[in-house]
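The structure appears below as structure tokens.
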Amino acid sequence: MGAVAELVFFSGTMDCGKSTLALQMDHNHRQRGRQGLIFTRLDRAGSATLSSRLGLSTAAIEVTDELDFWDVVADERMRGGRVDYLICDEVQFYSPVHAEQLARVVDELGVDVFAFGITADFRTRLFPGSQRLIELADRVQVLQVEALCWCGARATHNARTINGVMVVEGEQVVVGDTDAGDTVGYEVLCRRHHMRRMTAVSDAMVRAAAAREADALPFDLAACALPPRAC
């Protein structure tokens, strides 16, 4: 008897290498003679593309609200194709129904599913698709490549920014990137700085304001710290 198929959810913050791992996993399985399909949704590089920030990319099937994973795999097999595994990237944008379809593909068709995505949004709320995958997955694996907050601590939260300033209201899904410049972007933060809404830009602004205030003082702070002379 062969190995039992699994639904595995690889999770982590932005910048922790999820898409890179998805591409590497597809390469490794193909090297061993297995055949699979690649899916993504709302990738930063555009429709029907799975891309990594390292510059790697490949064609993929764009997941729409109407797509049914069961139908896609069944149709491929009816045409004589093999489907041993699915690579599913950006699964935070999938629906709970998509997650249930993936579980059915694993259980009833014996196809491995390797899903990659973020668990929580910029408000620290679980994405519905990610929540359902956590509930259904055989394994949830947190990626070991740690993204870092601007302070150097391990990044655990995703922040949405506008001109570098963190925002906590808005639509759950707005496509952006971690190097988006002056448009809507995202930054990974440690919990402490996410709670304080302190991004790299806002920290720099605070430091600059403190420096300007110190330069504007009409007296020497160091001299003021000296003890008074005895009479």
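Reminder that position 179 of the sequence shown reads as 1385 in my numbering, one-by-one numbering, no gaps. Just so you know, even glycine gets a beta-carbon here, dropped at the ideal spot from N, CA and C.
- Using a Cβ-Cβ distance cut-off of 8 Å, the stretch 1327-1343 and the stretch 1224-1237 are not in contact, since fewer than three pairs of beta carbons, one from each stretch, lie closer than that value.
- Taking C-beta atoms as the reference points, G1242 and D1290 count as a pair closer than 8 Å.
- In the DSSP assignment, M1284 falls within the alpha helix (DSSP H) that extends over 1275-1284.
- In this structure the stretch 1304-1318 does not touch the stretch 1257-1264; the number of beta carbon pairs closer than 8 Å is below three.
- A direct Cα-Cα distance of roughly 5 Å separates A1353 from A1361.
- Short of 8 Å from the beta carbon of D1274, and not among the five residues preceding or following it, lie these beta carbons of its own chain, in chain order: Q1307.
- For M1372, the uninterrupted beta strand (DSSP E) segment begins and ends at 1371-1373.
- Less than 8 Å divides the Cβ of R1338 from the Cβ of P1302.
- If you draw a straight line from the Cα of M1220 to the Cα of R1240, it comes to about 29 Å.
- Distances from the alpha-carbon of R1397 to those of A1266, G1358, A1415 put G1358 closest.
- L1243 sits in a strand when the DSSP states are folded into three classes.
- Residue environment analysis places G1335 among the buried positions, since at least 16 neighbouring C-beta atoms fall within 10 angstroms of its C-beta.
- Distance between M1401 and T1226, taken at the CA atoms: about 29 Å.
- Looking only at F1245, T1255, A1254, Q1347, the smallest Cα-Cα distance to V1279 is reached by F1245.
- Here the alpha carbons of F1216 and E1341 stand approximately 13 Å from one another.
- Look at L1339 here: in three-state DSSP terms it is helix.
- By the CB criterion at 8 Å, A1326 and V1214 fall outside the cutoff.
- Proximity to L1229 across C1294, A1417, D1271 peaks at C1294, based on C-alpha coordinates.
- In the DSSP assignment, L1292 falls within the unbroken beta strand (DSSP E) covering 1291-1294.
- Ranked by Cα distance from D1318, the first of F1299, D1281, W1276, K1224 is W1276.
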